[in-house]
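Numbering (numbering that gives the first Met the number 0), first residue to last: 0 to 123. For glycine and all other residues, C-beta sits at the position ideal for the given N, C-alpha and C. Read the structure below first, then the notes.
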Amino acid sequence: MALILRDETHAILGACFEVYREKGCGFIEDVFQECLEIEFEERGLPFVSQPSVELEYKGRILRKRCVPDFICFGKVILEIKAVKTLEDAHRAQLINYLKATRMKVGLLVNFGHHPKAQHERFVL
Numbered sequence: 000m001a002l003i004l005r006d007e008t009h010a011i012l013g014a015c016f017e018v019y020r021e022k023g024c025g026f027i028e029d030v031f032q033e034c035l036e037i038e039f040e041e042r043g044l045p046f047v048s049q050p051s052v053e054l055e056y057k058g059r060i061l062r063k064r065c066v067p068d069f070i071c072f073g074k075v076i077l078e079i080k081a082v083k084t085l086e087d088a089h090r091a092q093l094i095n096y097l098k099a100t101r102m103k104v105g106l107l108v109n110f111g112h113h114p115k116a117q118h119e120r121f122v123l
């Protein structure tokens, strides 16, 4: 069975792994956010950094918005963390972003883990 958006998620993860190889762990999330913006640009990967996404309730638009770290290729949400280990709250956050955007695929990448970046793939 083929993975949905396999090439796109592979390209995103490749950029994430390069940032991790270059910076290691121990920095705050904002540092990795900026490094990924540079890496995506260098690789020619289309992305929007920290887009403001409308939320709705019973058909009404809310004043509050959600802000995923990245939307890549217009189809994949990338949420990054810089924590010791991923927790269920991080997974729930990404799943909620997928629901809010009606996108199907999300990646959760943790730059705070040693000796390798953690990553999880979600499909709704």
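Spanning the alpha carbons of C24 and L77 requires a straight line of approximately 18 Å. For G13, the enclosing alpha helix (DSSP H) covers residues 5–22.
Nearest neighbour of E21 by Cα position, chosen from E28, C34, I27, turns out to be C34.
In the DSSP assignment, I76 falls within the unbroken beta strand (DSSP E) covering 75–80.
Of the residues H112, L93, A116, A99, the one whose Cα lies closest to the Cα of L106 is L93. Where H118 is concerned, the enclosing beta strand (DSSP E) starts and stops at 117–122. Minimum Cα-Cα distance from I37 among the listed residues A14, A99, T84 corresponds to A14. Contact between the region 2–13 and the region 80–88 is absent: fewer than 3 CB-CB pairs across the two stretches fall below 8 Å. In the DSSP annotation of this structure, R62 is not part of any alpha helix (DSSP H); the continuous beta strand (DSSP E) holding it starts and ends at 59–65.
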